[in-house]
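Numbering (the numbering used here), first residue to last: 1 to 625.
In structure tokens:
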């Protein structure tokens, strides 16, 4: 409504009528290369979600907070476990062998969203030990959190989702599956301001698949087939157990956010920290995350502004191995006349079948108490934004970013687990992964208005350098022997009470057999699995509009990547579009039913870049010795 001022005077009552205000709020959208554009000028689809909307979801992973808020976004969470990874797809699946997830950009800096692959861990990845049948599972037994979930949702100002190739042409091959542009919060005041909020959540499973438990085990008269239930009905005196209730527990999570805004002169600071702790509904499954971030914006002069930031993230994930079929399948398969918590010795477990991971029927409660996996990640992200406006019509921007994280972890299978053959005496994998990345983008944008026409030209360059190092060690024979279900280590009987003492720390691969005993030490192990990638690009974008109603845009990126043969490394991606705001050109079309009408069309080209070393033969390193 329009604002109206009335002089009251000595009147005791005032009557007035407010008039409707017809205003066109021209939204500003952060697009590719951290460029701010008017939403009406875009010739492609770009949807923005505010940080407040994401925060209200109270999700520890901001990606899950986008669900239901972005058209065409497909989100899949791998499991309900604490610290589970999420997969996000914007434009459908365009590759069967590579990732279909979008590119993630924070304040103009490309950041990692990688998820560790179970096949790349353990000695099988480096030739240290043959574990055939145990590594050929696509993260089916242990979930590795994706790195974009490290971001604190409370630090996000807005998220812009770019889906079409015409919207992401400036990012080239990296954004062939779309791009998610994240803008973080920055202090807007010099006064001291303190914000604190928390949330607590209780999780309890309430609905399960109905299962018939009226019949005894067996099939075709064979009662030894204990995992099929086609025998006669149970006798009325038989005690049946609801093993689902014995397994799942009530989960609890808590989040604490603290933010400080302060400043001195032309320099403003924002310090934020967040603590998240999650205890899952699966026993022994926990996930802890700590975020600390310091951001600064300093206006050095009327034409120069710098915006550095530094972020530290620590995550610890205690993961329990879920076997090939998952916890619920194992619980439904388990005989209903046997309590799931009765597994003290091998004889009190129902004898199982062969050690085939795809038909694994380990007792699920035994799994979560004895087959364990844990990883810890320390991550640092530093960014620097530089904005220069030497002339009213010219703006120069630089975005520089350095990122590194290190992950230490292990996976251990109990000697009595039927997930691995008992002849192996248990197995253990230790792994260490280090990621380093540097990238920068420098752009110059010129704008000129000529009557009813306005032109814009942007040119820029991008450099990216990535390196991943991975060390992994695998061994077996955690115990010396198993005789009639009794384990022996160093001449002593291994019991649940002395197991941890005799077997040593699960983070120490020295617990395995001397023939495969290799301590996880980068200085002793030798060369790692090394992956390097460098990309260089030059690009430009030109735009023209007429009366702020007809918009024409064209962009082109010229790219070069080290993953391709030297004689064929250069490629390019064009993209362009046109949009017309018909309701502005023909005002008579506006009505209570139709207030805004925009027509747009675009055309662009994009492609996928192959992974490092996929075009050449490489040799694996064996550390056995």
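Ideal placement from N, C-alpha and C gives every residue a C-beta, glycine not left out.
Query	Result
Near the ligand GTP: residue 492 beta-carbon under 8 angstroms from a heavy atom	Although the ligand GTP was asked about, the structure shown includes no ligands whatsoever.
Bridge-paired residues (DSSP) for residue 210	Residue 210 is not bridged to any residue.
Nearest-angstrom Cα separation, counted from residue 588 out to residue 103	42 angstroms
Residue 561, DSSP secondary structure in three states	strand
Collapsed DSSP secondary structure at residue 605 in the structure displayed	coil
Spatial distance of residue 386 from residue 185 (CA atoms)	17 angstroms
Contact belief for residue 143 with residue 85 at Cβ below 8 angstroms, rounded distance in angstroms	6 angstroms
Rounded C-alpha distance that separates residue 211 from residue 114	38 angstroms
Residue(s) in a DSSP beta bridge with residue 471	432
Cross-strand partners of residue 440 (DSSP beta bridge)	400, 463
Cβ distance (whole Å) where residue 29 is taken to contact residue 57 below 8 angstroms	Not quite, the Cβ-Cβ distance comes to about 22 angstroms (not below 8 angstroms), so this is no contact.
Meets three-Cβ-pair contact criterion under 8 angstroms: the stretch 574-594 and the stretch 603-618	yes
Closest residue to residue 532 among 491, 548, 436 (Cα-Cα distance)	436
For residue 405: DSSP bridge partner residues	379, 435
Integer Cβ distance of residue 442 from residue 398, believed to fall under 8 angstroms	5 angstroms
Closest by C-alpha distance to residue 43, when choosing among 616, 247, 579	579
Inter-residue Cα distance where the pair is residue 98 and residue 171	18 angstroms
Sheet register partners of residue 311 (DSSP bridge)	293, 381
Candidates 536, 460, 425: closest to residue 482 by CA position	425
Start-end ranges of the beta strand (DSSP E) lying completely within the stretch 158-200, minimum 3 residues	179-184
Exposed unless 16 or more other CB atoms sit within 10 angstroms - verdict on residue 101	buried
Three-state class that DSSP yields for residue 202 in the structure shown	strand
For residue 229, the first and last residue of its enclosing beta strand (DSSP E)	No beta strand (DSSP E) holds residue 229; DSSP gives it neither H nor E.
Rounded straight-line distance, which links the Cα of residue 157 to that of residue 52	8 angstroms
Residue span of the beta strand (DSSP E) that contains residue 263, given as start and end	251-264
Sequence-distant residues of the same chain with beta carbon closer than 8 angstroms to residue 417, five excluded per side	362, 366, 367, 370, 371, 426
Element boundaries [alpha helix (DSSP H), containing residue 85]	Premise fails: residue 85 is in no alpha helix (DSSP H) and is neither H nor E.
Residue burial classification, residue 302 (beta-carbon count within 10 angstroms, cutoff 16)	exposed
Which of helix, strand or coil DSSP assigns to residue 367	helix
Contact with chain D by residue 194, beta-carbon distance below 9 angstroms	As a matter of chain content, chain D is missing from the structure shown, which is built from one protein chain.
Beta-carbon separation (whole angstroms), residue 281 vs residue 203, contact threshold 8 angstroms	6 angstroms
Beta-carbon proximity check, residue 111 vs residue 381, cutoff 9 angstroms	yes
Terminal residues of the alpha helix (DSSP H) in which residue 243 lies	243-247
Whole-angstrom distance between residue 474 and residue 153, CA atom to CA atom	37 angstroms
Contact belief for residue 91 with residue 163 at Cβ below 8 angstroms, rounded distance in angstroms	6 angstroms
Reduced DSSP secondary structure (H/G/I, E/B, other) of residue 482	strand
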